[in-house]
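> For the sequence shown, the working numbering gives the first residue as 1355, with consecutive numbering after it. I have a structure I would like to understand better, so I am pasting it below and will then ask my questions one at a time.
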Amino acid sequence: MASNLELLFDLTFVVAFGIAGNEFPHMAAEGEILLASAGYVFVLFSVIWPWVNYTWFASAFDTDDWAYRLVTMVIMCGVVVLALGIPPFFDSLHHGHVDNTVMVMGYVVMRIGMALHWGGPICKRRSSEPGRESTLRPCWRRRSVG
């Protein structure tokens, strides 16, 4: 069963899909179907790829501590930034050049968040191996004992 945070996370992606779905027919109606299709596929890939990465991670490592929630919210902010960059991206395609700067900034925020998420399982795995505890100090995400 999905948590409320995961449902909100999915809704941020729904917004990105909605914006892309709104921009595609407007550009296609202007007679630029091939360019609109290429832009739509690019946007869908840039939205679907991090969503698949996150959902795989969330289902593989059932982590639900404060650090996980905080980093998930950072990733959601990256999704919103990426979604805000979709209309300028389609406008730039219409004018003959590619300007995906805002989308790339959002994508980078999402990738940084996933790198931080991966720090938790890596630290947990290494700390469970004998003789490796001393090499892990400081680990960015120490869990409290108790």
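From the three backbone atoms N, C-alpha and C, an ideal C-beta is built for every residue, glycine too. Please read all numbers here as calculations on a predicted model, not as lab measurements.
Could you please give the first and the last residue of the uninterrupted alpha helix (DSSP H) stretch that includes H1451?
Segment: none, H1451 is in no alpha helix (DSSP H) and carries neither H nor E.
> Quick one: grab the DSSP three-state call for S1400.
Helix, per DSSP.
> Shortest alpha-carbon distance to W1472 belongs to which of N1358, T1455 and Y1408?
Nearest option by C-alpha distance: Y1408.
> Find the nearest neighbour of D1422 within the set G1467, A1374 and Y1394, judged by alpha-carbon distance.
Looking at the sequence provided, one finds Tyr at residue 1422 rather than Asp. If we check each option's Cα against that of Y1422, G1467 comes out closest.
> Nearest-angstrom Cα distance between M1381 and F1411?
Answer to the nearest angstrom: the Cα atoms are 35 Å apart.
> Cα separation between G1393 and H1449?
Those two C-alpha atoms are separated by around 13 Å.
> Exposed or buried, A1374, counting other C-beta atoms within 10 Å across all chains shown (16 or more means buried)?
Result: buried.
> Quick one, which of V1456, D1453, S1413 and A1390 has its alpha-carbon nearest M1355's?
The shortest Cα separation from M1355 among V1456, D1453, S1413 and A1390 belongs to S1413.
> According to DSSP, is G1385 helix, strand or coil?
Here G1385 sits in coil by DSSP.
> Could you give the DSSP three-state label for T1417: helix, strand or coil?
Coil, per DSSP.
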